[in-house]
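Notes follow the structure.
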Amino acid sequence: MSTIDFGQLILDQTPDALIVTTPQGAVEHWTRGAQAVFGYTAAQAAGRTLADLIVPPGMVNAELALIAATLDQGFANYESMRRTRDGALLYIDSSSKAIRDADGTVRHILWSKKDVTALKVTRDAALAAARFGALVELLPDAIVMANAAGRIVLANRQAEELFGYRQGALRGQPLELLMPDRYHGPLVAQQVAHTLAPLPPTGFGRELFGRRANGDEFPVEITLSPVPAEDEVLVLSAIRDISERKRIEHALQEKNEALADASLAKDQFLSSMSHELRTPLNAIIGFTGTLLMGLPGPVNADQTHQLRTIQSSARHLLSLINDILDITKIASGNVELKSDLFDCRALLDGVAAMLAPLARQKGLTLEARVAEGDMTLRTDRRAVQQIVINLLNNAIKFTERGGVRLEARREPGSARALLIDVVDTGIGIAPEQRELIFRPFTQLDQGTTRQFEGTGLGLHLSDRLATLIGGSIAVRSTPGEGSVFTLRVPLRQG
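My numbering numbers the first residue of the sequence shown as 89 and each following residue consecutively.
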């Protein structure tokens, strides 16, 4: 005749979780009721602590305090939130009792744990409906309120329609039901954080995906906010379907990528076409010069005037093409900077000599004043020369009387940079227009009868080149009196 362990039979027939642990909380006995509540088999639970098995992150210290209270007082009764094997949070009504041997030493702790989540949901749902039910129905967004265990206690009509559930079907369901599985872990962590924080954060928001009743995922913007309610904190989730916004953002991104690809193709095309565009113009300029010198034969005054017009127009067009090609090279990253070692004094004297005839044609004086001392630079010589030519050419163009000065000096109080000033007595620049002059294709003289010719590329190109060599351009100006453009060039590039 077999022997029946009536004690074990009674324990296993009890629907509540009955657990026996060591005084340190390690599981010694785990009933079928415990498996039904928390999801672990007896074999999976054996030897592990309750803190490791069923206590949510952040609540371990509270669990240790309960063990200490049980050992000290012999028992404890409390309600707490606990975690199942699959990560769900439950409200548990617990009691614990210390089991002592004959000499009074605690050998075991008997735990009784009853799942009261459904009862808690019913109570919280009634409280939420009474306090907030009418209000949330008036809001345009989907509103879902959950208790600290993440169980939905209130959902407005907009939320039920958005996620495809019939009226009342969401009550008591875990909040994770509305999110794809990949978000479940972080969402539980946020719920616990809201529960434990004495002053929980307000309006925690993020973009993620929602999941409808039929399994379809869609992008949502969700904002979590704590709502104090009696002895606990409810979590209000305001959820907005952002599918249309994401569609527009995606379309804009594709458009921007297409525009960027087209711009890059344009820059690469222009950069590669530099020889093809320049060669014919150089031939026109060269042959025009040959004709003007009379090498093929004499030309009359009328022909000379026409040839000079052709030559001037060709040079102007070549200058425009050069500027455009240089800008497209910079934009496409095809500019190769050199590290030249050169005397800046010689470079400035050469630029002044180059543009002196242009100044004389307008009746202007042109002076080059370079301070004494070492004026050696190690940077891209061509870039510095082009910047100075552009600045000096602009100064001459916009000056009708007086003169232009080209000055250079070491930066005061610093041995790291050279300052090159281009000073003119021209028309000046109004304060509100100074930010515009470095923009491409921008000219301050935009009237129908423009007084000054130009493309509006020179200053933009100069500013970009200055940045590439680690320098900068600053401007000071008084309308009607003139301007000072200052190029700052590091003594050593990089």
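Every residue gets a Cβ at the ideal spot worked out from N, C-alpha and C, and that includes glycine.
Indicate whether residue i and residue j have their beta-carbon atoms separated by less than 9 angstroms.
i      : j      : result
Ala247 : Ala230 : yes
Thr205 : Ser184 : no
Phe436 : Ile484 : The sequence shown places Leu at residue 436, not Phe. Cβ distance not < 9 angstroms, so Leu436 and Ile484 don't count as in contact.
Gly438 : Gln473 : yes
Arg294 : Glu309 : yes
Phe220 : Val315 : yes
Asp468 : Ser407 : no
Gly559 : Ala503 : no
Arg466 : Ile409 : no
Asp329 : Gly303 : no
Leu322 : Ala234 : yes
Ala441 : Arg497 : no
Val577 : Val510 : no
Pro111 : Ala176 : no
His196 : Thr109 : yes
Glu264 : Arg245 : no
His117 : Ala130 : yes
Assuming residue i and residue j are in contact, meaning their beta carbons sit under 8 angstroms apart, how far apart are those beta carbons, in whole angstroms?
i      : j      : result
Ala169 : Ala237 : A small correction: the amino acid at residue 169 is Met; Ala does not occupy that position in the sequence shown. About 6 angstroms separates the two Cβ atoms, so the contact holds.
Thr574 : Leu507 : 6 angstroms
Phe126 : Leu106 : That pair is no contact at about 12 angstroms.
Leu395 : Thr376 : 5 angstroms
Leu405 : Leu369 : 6 angstroms
Pro384 : Thr378 : 7 angstroms
Arg173 : Tyr128 : 5 angstroms
Glu342 : Leu215 : 48 angstroms between Cβ atoms; not a contact.
Name the residue from the options whose alpha carbon lies nearest to the alpha carbon of residue i.
i      : options                        : result
Ile257 : Asp269, Ala243, Glu264, Pro268 : One detail in the question is off: residue 257 reads as Ala in this sequence, not Ile. Among Asp269, Ala243, Glu264, Pro268, the Cα nearest to that of Ala257 belongs to Ala243.
Ala402 : Lys417, Ile373, Gln391         : Ile373
Leu425 : Arg470, Gly385, Ala441, Pro384 : Arg470
Glu569 : Ala562, Asp160, Ile517         : Ile517
Ala134 : Asn149, Glu151, Val115         : Val115
Pro268 : Arg259, Arg245, Leu296         : Leu296
Pro519 : Arg489, Glu499, Arg564         : Arg564
Arg254 : Gly192, Arg300, Glu342, Asn149 : Arg300
Glu167 : Glu320, Gly461, Arg522, Ala350 : Glu320
Ile475 : Asp431, Leu545, Asp512, Leu223 : Leu545
Pro228 : Tyr128, Val209, Glu249, Thr210 : Glu249
Asp462 : Glu499, Phe486, Thr487, Glu488 : Glu499
Phe163 : Arg270, Phe357, Glu318, Ala186 : Ala186
Ser331 : Pro307, Asn344, Ala353         : Pro307
Gly260 : Glu364, Val232, His338, Val423 : Val232
Arg211 : Glu225, Arg335, Val241         : Val241
Phe430 : Asp390, Leu524, Leu579, Glu345 : Leu579
Gln356 : Val423, Leu524, Leu223, Glu523 : Val423
Gln399 : Asp390, Leu380, Asn388         : Leu380
Gln161 : Asn149, Arg136, Gly192         : Gly192
Which term fits residue i, buried or exposed, when burial requires 16 or more other beta carbons within 10 angstroms of its beta carbon?
i      : result
Leu154 : buried
Pro144 : buried
Arg239 : buried
Pro286 : For Pro286, the predicted structure reports a pLDDT of 48, less than 50, and the residue's modelled location is therefore unreliable. The matter cannot be settled from this model.
Ser325 : buried
Tyr179 : buried
Asp104 : buried
Ala562 : exposed
Gln539 : In this prediction, Gln539 has a pLDDT of 49, which is less than 50 and means its spatial position is unreliable; nothing more can be read from the coordinates.
His393 : exposed
Ser182 : buried
Ile327 : buried
Lys208 : buried
Thr464 : exposed
Ala514 : As written in the sequence, residue 514 is Gly, which differs from the Ala given in the question. Gly514 is buried by the Cβ-count criterion.
Leu549 : buried
Glu337 : exposed
Thr487 : buried
Asp512 : buried
Leu547 : buried
Asp411 : buried
Stretch-stretch touch, CB-based, cutoff 8 angstroms, three pairs: the segment 189-208 with the segment 111-127: yes
Assess contact between the segment 435-454 and the segment 477-485, defined as three or more Cβ pairs (one per stretch) separated by less than 8 angstroms. Is contact present? Judged by Cβ distances under 8 angstroms, the segment 435-454 makes contact with the segment 477-485, as three or more pairs qualify.
Kindly confirm or deny that the segment 551-567 and the segment 407-422 touch, where touching means at least three C-beta pairs closer than 8 angstroms. yes
Using 8 angstroms as the cut-off, can you tell me whether the segment 453-466 makes contact with the segment 489-498, which would need three or more C-beta pairs spanning the two stretches below that distance? With contact defined as three or more Cβ pairs closer than 8 angstroms, the segment 453-466 and the segment 489-498 are in contact.
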